[in-house]
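Comments concern the structure below.
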Amino acid sequence: MRILLAAILLATISPKSTQASERSAALIIDASGSMKAKLANGQTRIDAAKDALETLVNGLPDDQRLSLWAYGHQSPTKKRNCRDTQQLTAFTPIGESRADVVKMARDLDPQGYTPITLVLEQAAGSLKPETAASSRVVILVSDGKETCEGDPCAVVRALTRADAGLVVHTIGFAVD
Numbered sequence: 038m039r040i041l042l043a044a045i046l047l048a049t050i051s052p053k054s055t056q057a058s059e060r061s062a063a064l065i066i067d068a069s070g071s072m073k074a075k076l077a078n079g080q081t082r083i084d085a086a087k088d089a090l091e092t093l094v095n096g097l098p099d100d101q102r103l104s105l106w107a108y109g110h111q112s113p114t115k116k117r118n119c120r121d122t123q124q125l126t127a128f129t130p131i132g133e134s135r136a137d138v139v140k141m142a143r144d145l146d147p148q149g150y151t152p153i154t155l156v157l158e159q160a161a162g163s164l165k166p167e168t169a170a171s172s173r174v175v176i177l178v179s180d181g182k183e184t185c186e187g188d189p190c191a192v193v194r195a196l197t198r199a200d201a202g203l204v205v206h207t208i209g210f211a212v213d
């Protein structure tokens, strides 16, 4: 599972046709309460996502620009916080921030709601200043559905229509 997820992530961020320095990627990790659930192998969903993220980050070329985002990690589910999103790292070449990105991901404690629409809008907005990049990528790794108001599919369609250089990938695991 971890190797497959990491391979998918790596393929979406660093296609062979574009140099890493020509791409900027916002990687979003789901840290909502449902990520505490266990997979068939006994590992929690969040730990599988963290392992995949670490494998991915360690495999990226040093000049790949990456920013890490998370949601659902700051407020317990009972607070129903639909604004619980955070940019954990700024866009920097991963060679300068690799250890920080892995540590921030490893420190996530899943607990809250799933504001997918909001975090997609925020991550896409954070890519706008990355104008030197010929391609901007948002990658969402999640196990669930939007639990807040919003329509993630509609926002992705609107974002990609408004920015021809933006590509949004969603990677779902353990979804029904």
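Residue numbers (my numbering): 38 to 213. Built from N, CA and C at the ideal position, the CB exists for glycine as well.
Excluding five sequence positions before and after Lys87, the CB atoms of its chain that fall closer than 6 Å to its own CB belong to Ala142, Arg143, given in chain order.
C-alpha of Thr81 to C-alpha of Gly149: approximately 16 Å in a straight line.
Only residues of its own chain outside the window of five on either side were considered, and among them Gly70, Gln148, Gly149, Tyr150 have a CB closer than 7 Å to the CB of Thr114, listed in chain order.
Non-local beta-carbon contacts of Leu97 in its own chain, meaning distances under 6 Å to residues more than five positions away in sequence, involve Ile131 in chain order. Under DSSP, Gln124 forms a beta bridge with Trp106.
Beta-bridge annotation (DSSP): Thr151 is not paired with any residue. DSSP, reduced to helix, strand and coil, places Asp200 outside both helices and strands of the structure shown, so it counts as coil. Contact between Arg102 and Ser61 holds, with the beta-carbon distance rounding to 4 Å and staying under 8 Å.
Excluding sequence positions up to five before and after Leu125, its CB lies within less than 7 Å of the CB of Leu105, Trp106, Ala107, Met141, all in the same chain and listed in chain order. Per DSSP, the unbroken beta strand (DSSP E) holding Asp67 starts and ends at 60-67. When secondary structure is reduced to three states using DSSP, Lys182 falls in the coil class, being assigned neither helix nor strand.
Taken atom to atom, the span from the alpha-carbon of Thr129 to that of Pro166 is near 12 Å.
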